[in-house]
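295 is the number that the UniProt record's numbering gives to position 295 of the sequence shown; each next residue is one higher, with no gaps.
Glycine included, every Cβ here is placed at the ideal spot set by N, Cα and C.
Worksheet for the structure shown next.
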Amino acid sequence: MKGTDRLFRLGMLLVAALIGAALADPPLPGLHGPSHLVVLLDDSASLGSARVDAAWQRLRPMLEKLPGSSLVTLIRVGADPAVELNAVEIEDLHLSTRPPRSLPLPKLGTDLSAALQEARDLARAHPDQPPPRLLVVSDGRATEGDTAAALQDLEEAGLSPLWWDLGADAGADAWIERLQAPRRLPAARRLPLRIVAGSNADSAIDGRLTVILGGEAIMEREARIEPDEMLVLDLTLPPLEAGRHMLTARLETSLGGDALPTNNTAEALVEVAGAPLVLVLSEATGGSALAAGLTAGGWRVETPLPDDLGASDLRRAAVLILDSLPATALSSSQWREVGVAVTGTGTGLVVLGGPGTFAAGGYRGSSLETLLPVTSEPPKYLPAAALLFALDHSGSMGQPTQDGSRLALARQAVVQAAALLGPRDWAGLLGFTADAQLLLPIAARANQSAAFASAAAIPPGGGTRLAPAVDKALDALSRVPMDQRLLVLISDGQIAGAATSEDGASGSATDVTALGRQLAAADINLIAIGVGDAERLLPLSRLATAAGGNFHAAVSGVALPQLVDVEVRQQRDGARGGPVRPVQAEPLPFPFEIDSDWPALLDYAITTARPSAAVPLRAPNGDPLLAWHHAGVGRVAVLTAGIGPWAPDWHRWSQLPALLSRLLGWAADNDEVDELTMRLAHGPAALRLQVDAADAGGRWSGAGLLRWEVRDPAGRWRRGLSPPKAPGRFELRVQAPVAGRYDLELMLDGQYWRGSIHHSPRVELLLSRQQTEARARFATLSRWEPADGVAAIAGPAASARVALIVSAALLFLALLVRERFGPHDLR
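Laid out in structure tokens, this is it:
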């Protein structure tokens, strides 16, 4: 019994010990409770996306191993912080191999202090939860803010960040400190450059400095950079063409692994005064009259043949003019080079319409059309139409001409006209000789011209009769639901049994008049096109007259496609007829005062303006006559009538030279004005401008609001109004998160500042005292790497209190049972 009492006393002592341990609440070894982990991920330019992605791939498995119900917050760090994930439960995380980048982030600076402040604010937003664990994934090279003060605030708040140092193995770095060049340079003046380069290597390194203009290296120099010394290299370049030029300096060194390759280049924007180079592309024989007129007006003009146009020509040009040029005049590779020149380097593009351009010139769906402010589609006001093309492919149509056979030119005309049709239009093809056959049923198609090109590949042969063709056309067109139905009949007029003179001297005439009346009675619009000998085309003329339609004789075979194009378009737009008087619907994009009314036009290419386009000149029905927009960094304008055969009154217009001069100056972006005084500071995420304005007497201006417009490297415009900070002084901050060319326009009571600026802040890419001090402060933090495992970044260890209390209770119950019943009774 004494042994039993001794065992009971020992058990009670153990119960007391367990309760005492529960009061102390020791952690459970190896087990952790839910946590809130805040990750500050440096995604700035000094690290580069590749290194950040590699770090994320090592971090992601650690996040997935956090205890259940843990929360994860992810803050990407750049010049401003971006909260990508905000207290997301680990069970709801779906992490990819790359970090989330859904929010814009200016990468040209690193503000770790702002990110640390954001983390502290998030912790305060959840006072009911344990303090979060902070993990900073960065090289510690802060360029903005007070990093030391931000870390001190966190530590005073009881938050001790861990640091994963991504810059520990960065190695030696060589860089270009700056590329100095004059922002403006007089014409024919040699260009002075200064390149300053440095390195943090322990020994001298050898390298090569290359100057690049328009994608081509124009000068190279060997370079040796000594330790703890800056290399200063002064160069002089030959005179450049007038206009704006982007110069790039590139440094290549003998370093095995350059720590930061992104700082091995620097750029400068130089504007050379003088008349910019204008390239005029035209298929006109004997040269373009436009080019001759521009040369006489003082412009520097070159007229390369379309086949000879190369990338080097486009790099030299400020403006490219397409003067009545079909899309087929250039190859696909040439059009790609044009696109790069316009959207990437800012070459202006002016497209002049005319016969054989836009839809008739194959613009629809082409690389060229993607650059234009208009598309070659019929406007929505045109009703859906059904068109049937009746093509004579008799033996006489195979007769060769200087430009190809009549049938080949007729095929080309039909395919070209089919390209004019909209998606709601129906079209079909009928071939006829002595008989008629429906080669392509009348229907809507996604690509009418391709279908016509295939169906029209028919050989010539046999005689010609009109009656079977008209009968088949009447039957086919009577089955379509459109109100507007057109029959386009193309033939050389060598029709069996038809009279070829007014008195029918060749024999008994086919009753073409009766056939025409049938078409008129069926409300079918006829366009009869004759090709070949004029004396044989009388039956076609009689047919058109009886049908109340139009007849035209193609003067030459090569004119046939253009003739069909014009006739089909004029029939589609029944409101048009006679001269078209332009209507100015909004201001032009350049200063121009017209003395009287705009000169009339005979015709124009039917197009539809894009939503982003400005359309200063319109036809009375709203069709674009002059439209413009920005394509990338380039300015693009179209005159849908051109200044050729459709604009004879414009040739006699005294203001045409001034209009063209203003248009080309605008397209060349050569209209910089300095009526306002502007000072500029480049920040990692913004441009900071100070604008001063004085009145005519030299006193500070009392103007109210400064209007400003900025175009970024992607071609997007930002606009705003800024009030004065003091009389005559305005300050504004314009977002500029990426490097590149920014076009600025400042307007204040008739005063202007207009020009281009190359924004390329290098504070993120070059080692500075602020970066060194920030990194030294981070070095005082506890370090973490993925090899340390998830325990260091997980929450506090799980509590043992509950387990100890339960154990004490179970032991106490067991002792009571033993005491009550005794050991013998329990057996």
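Residue span of the alpha helix (DSSP H) that contains residue i, given as start and end
i	result
residue 770	769–778
residue 390	Element bounds for residue 390: not the alpha helix (DSSP H) but the beta strand (DSSP E), 385–392.
residue 62	49–64
residue 114	112–124
residue 450	448–455
residue 738	Segment: none, residue 738 is in no alpha helix (DSSP H) and carries neither H nor E.
residue 477	466–477
Member of the options whose CA lies at the smallest distance from the CA of residue i
i	options	result
residue 709	683, 744, 694 and 623	744
residue 229	186, 174 and 187	174
residue 134	820, 805, 792 and 817	792
residue 746	118, 356, 247 and 680	680
residue 261	15, 658, 161 and 177	177
residue 662	464, 297 and 194	297
residue 754	691, 789 and 815	691
residue 494	480, 406 and 686	406
residue 354	210, 644 and 150	644
residue 141	48, 534 and 463	48
residue 581	592, 594, 263 and 602	602
residue 71	197, 536, 85 and 730	85
residue 431	466, 250 and 292	466
residue 598	549, 649 and 591	649
residue 120	52, 232, 150 and 421	150
residue 361	339, 330, 390 and 391	330
As assigned by DSSP and simplified to three states, the class of residue i
i	result
residue 679	strand
residue 19	helix
residue 747	strand
residue 649	helix
residue 830	With the chain represented from 1 up to 827, any question about residue 830 goes unanswered, as that position is not in the structure.
residue 9	helix
residue 92	helix
residue 516	helix
residue 805	helix
residue 14	helix
residue 217	strand
residue 232	strand
residue 421	coil
residue 206	strand
residue 375	strand
residue 222	strand
residue 494	coil
residue 783	strand
residue 792	coil
residue 763	coil
residue 754	strand
residue 522	coil
residue 714	coil
residue 540	helix
Bridge-paired residues (DSSP) for residue i
i	result
residue 76	41 and 82
residue 550	527
residue 397	None, per the DSSP bridge assignment.
residue 694	700
residue 812	Its beta-bridge partners do not exist; DSSP assigns none.
residue 686	735
residue 71	36 and 89
residue 365	DSSP output for residue 365 lists no bridge partner at all.
residue 584	617
residue 211	219 and 249
residue 237	191
Opening and closing residue of the beta strand (DSSP E) in which residue i lies
i	result
residue 735	729–735
residue 441	436–443
residue 427	426–432
residue 710	706–711
residue 488	484–491
residue 722	717–722
Contiguous beta strand (DSSP E) assignments of at least 3 residues, all confined to the region 130–200: Listed in chain order, the complete beta strand (DSSP E) runs (minimum 3 residues) inside the region 130–200 are 133–138, 162–165, 174–180 and 191–199.
What ranges does the alpha helix (DSSP H) occupy inside the region 284–363, keeping only unbroken runs of at least 4 residues that lie completely in it? Fully enclosed alpha helix (DSSP H) runs of 4 or longer: 289–296, 311–316 and 332–345.
List, from N- to C-terminal side, the alpha helix (DSSP H) runs of 4 residues or more that fit wholly inside the region 601–670. 648–651 and 656–667, all fully within the region 601–670.
Residue ranges of each beta strand (DSSP E) run of no fewer than 3 residues wholly in the region 243–288, ordered along the chain? Whole beta strand (DSSP E) segments, 3+ residues: 243–253, 265–272 and 277–282.
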